[in-house]
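Notes for the one structure printed next.
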Amino acid sequence: MKVTYNRQLVFWSACLGMLLFGIGLIMLGSVLPDLRIKHSLDSVEAGTLFSLLPVGIIAGSLLFGPVCDRYGYRTLLAVSAFLMFAGFEGLAFTNTAWILTASVLLFGLGGGAINGATNAVVADISVSGKGADLSILGVFFGIGALGMPLLLSLLKKSVEFEAVVAGTGVLALAAGILFAMVHFPAAKQAEGISLKQEGALFRDITLLLIAFFLFFQSSLEGLINNWTTTYLMERTAAPQEAALMGLSGSVAGMTIMRLMIGTIFRKMTARRLLFVSFGIILVALILFSLSRSVIPAAAGLFLLGAGLAAGFPTMLGLVGNRYPDLSGTAFSFVLVIGLLGNMLVNYTMGVVAENHGIKYLTWFTFVALTMLIIIATVIFERLRKTDR
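Be aware that the sequence shown starts at 1, since it is given in the working numbering, and climbs by one per residue.
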C-alpha cells in the first residue's frame with residue numbers, strides 16, 4: 001500500500017497534540033485557586049469541576065478509536081483541538097457557571113480524543129520500535145504538564161491568568177488548523193468495523209491483560225499525582241511549595257526517562273525495559289515511604305516518575321503490534337480501562353484517607369506495583385508461547 005503522508009510531519013503533529021493534552025490535563029488544577037476566587041466556588045463546587053474532567057477524557061478516549069479506524073485521523077484531531085480551544089476560551093472568559101462546567105467537559109473531551117488518537121497514529125506510522133516512538137511522544141505530555149504551572153507562576157505578577165489560558169486556547173486553535181491541513185494515514189476500516197472484529201477484541205485474553213495492566217499503571221500514576229502533595233505535607237511537615245516541587249520531580253523523572261527510552265534504550269526489549277522499571281519503582285517507593293523529610297522524598301518521587309515512564313508506551317506498543325488494522329479501537333478499549341482504574345482506585349484512596357489517614361498511600365502504591373509485576377509476567381509468558 002502506497003504511503004500518502006509525510007511520516008515526520010505526522011509524528012511532530014502528534015507531538016503537538018500530546019503537548020496540548022499535557023497542558024489540558026494540568027490546566028484545571030493550575031488555575032483552580034484563581035477560579036475559586038473569580039467564581040466564588042466552595043470546595044464541593046470545585047470538586048465537581050475536577051470530577052467532570054475525567055468524565056470528558058473518558059468519553060473522548062471511548063469515541064476516538066472507532067472514529068479514527070472508520071474515517072481516519074484528520075477530522076477527529078482537528079475537531080478535538082477546536083473543542084479544546086473552545087474549552088480554554090470559556091475557562092478564561094466566562095462569568096457563567098454552566099459555561100464554566102461545559103468548558104471543562106469540552107477540553108476534557110477534546111484532550112481525551114487527542115491523547116488516544118496521537119498514540120494510535122504514532123503506533124501506525126512506526127514500522128519498528130513502536131514503544132520507543134510512543135515514549136518520545138510521551139515526552140511532550142511531560143513538557144505540557146510541567147510547562148503550564150511554570151508559565152503561570154512566572155507570569156502571575158504581570159499577566160492575569162485569563163490571558164495565559166486564552167493564549168493556550170490560541171495554541172489549540174492553531175493546532176486544529178494544522179491538523180486539518182496535514183495528510184494523516186488513511187482510514188484502516190473505511191467499510192466499517194464488523195461486530196465480529198469488535199467481539200474478537202473482548203475475547204483476546206492478552207489484550208484484556210494489557211488493559212488491566214494499564215488499569216493499575218494509571219492507578220499508580222494517579223495516586224502519585226493526586227495524593228503526594230497531601231502526604232508530604234502531613235508526613236514530612238513540608239510546606240505546600242516544597243511538596244509541589246516534589247510532585248513536579250516525578251513528572252520530570254518520567255519525561256527524562258521517556259526521552260532516554262526513545263533514544264538510548266531504544267533497542268532494549270519490552271520485557272527487560274518493564275522489569276528494570278519495576279525495580280526502579282520498588283527502590284523509589286521504599287525511599288519515599290521511609291522518608292521523613294522532603295529532600296529524600298523528592299528524590300524518591302523523581303525515581304518513581306522514571307520507573308513509571310515505560311508502562312504506557314510499552315503496552316500501547318504491544319497493542320499496536322497486535323492490532324495494526326484496528327489500532328484505534330484497540331487503543332480506545334485499553335485506555336478507557338486504564339482511566340477507569342485511575343478513577344476507582346483514587347476514589348477508594350480518598351475514602352481511606354478520610355477515615356484512616358493519608359499514611360495508607362504507600363500501601364496502595366505497593367499493592368499496585370505487585371499487580372503490575374504479576375500481570376506483566378503473565379502477558380510476556382503468553383507472548384513467548386505465541387511466538388514459538
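For every residue, glycine included, the Cβ atom is placed at its ideal position computed from N, Cα and C.
So, using beta-carbon positions, are residue i and residue j closer together than 8 Å?
| i | j | result |
| --- | --- | --- |
| methionine 18 | threonine 118 | yes |
| glycine 131 | proline 313 | yes |
| phenylalanine 21 | glycine 111 | yes |
| leucine 393 | glycine 90 | Only positions 1 to 388 of the chain appear in the structure, and residue 393 is not among them; the question remains open. |
| serine 30 | leucine 178 | no |
| lysine 188 | aspartate 34 | no |
| glycine 317 | alanine 270 | yes |
| phenylalanine 331 | valine 319 | yes |
| phenylalanine 216 | leucine 372 | yes |
| serine 218 | glycine 357 | no |
| phenylalanine 93 | cysteine 15 | no |
| methionine 257 | alanine 309 | yes |
| serine 126 | isoleucine 261 | no |
| valine 251 | leucine 146 | yes |
| valine 122 | phenylalanine 11 | yes |
| methionine 181 | isoleucine 23 | no |
| threonine 206 | arginine 382 | yes |
| tyrosine 71 | histidine 183 | no |
| glycine 129 | arginine 322 | no |
I need the DSSP call for residue i, collapsed to helix, strand or coil.
| i | result |
| --- | --- |
| tyrosine 347 | helix |
| alanine 187 | coil |
| proline 149 | helix |
| arginine 266 | coil |
| lysine 385 | helix |
| leucine 326 | coil |
| glutamate 160 | coil |
| aspartate 124 | helix |
| serine 332 | helix |
| threonine 118 | helix |
| serine 293 | coil |
| glycine 129 | coil |
| threonine 96 | coil |
| glycine 279 | helix |
| alanine 172 | helix |
| alanine 284 | helix |
| glycine 90 | helix |
| glycine 357 | coil |
| alanine 376 | helix |
| valine 3 | coil |
| alanine 81 | helix |
| alanine 166 | helix |
| alanine 200 | helix |
| valine 139 | helix |
| valine 182 | coil |
| alanine 310 | coil |
Just checking: is the beta-carbon of residue i within a distance shorter than 8 Å of some beta-carbon in chain D?
| i | result |
| --- | --- |
| methionine 27 | Checking the listed chains, one finds no chain D in this structure; it contains a single protein chain. |
Kindly confirm or deny that the stretch 348 to 356 and the stretch 73 to 87 touch, where touching means at least three C-beta pairs closer than 8 Å. no
Does the structure place the stretch 31 to 46 close enough to the stretch 217 to 237 that three or more beta carbon pairs sit under 8 Å? no
Which runs of the alpha helix (DSSP H), 4 residues or longer, sit entirely within the stretch 6 to 75? 7 to 39 and 43 to 71
Indicate whether the contact test is met: 3 or more Cβ pairs, each with one atom in the stretch 158 to 176 and one in the stretch 80 to 89, closer than 8 Å. Enough Cβ pairs lie closer than 8 Å, so yes.
Please determine if the stretch 279 to 296 and the stretch 235 to 250 are in contact, where contact requires at least 3 C-beta pairs separated by less than 8 Å. Yes: at least three Cβ pairs fall under 8 Å.
The stretch 207 to 217 / the stretch 51 to 67 touching (three or more Cβ pairs under 8 Å): no
4 or more residues per run - each alpha helix (DSSP H) lying fully within the stretch 213 to 263: 240 to 262
May I ask you to verify whether the stretch 278 to 292 touches the stretch 358 to 368, counting CB pairs closer than 8 Å and requiring at least 3? The stretch 278 to 292 makes contact with the stretch 358 to 368, as at least three CB pairs between them are under 8 Å.
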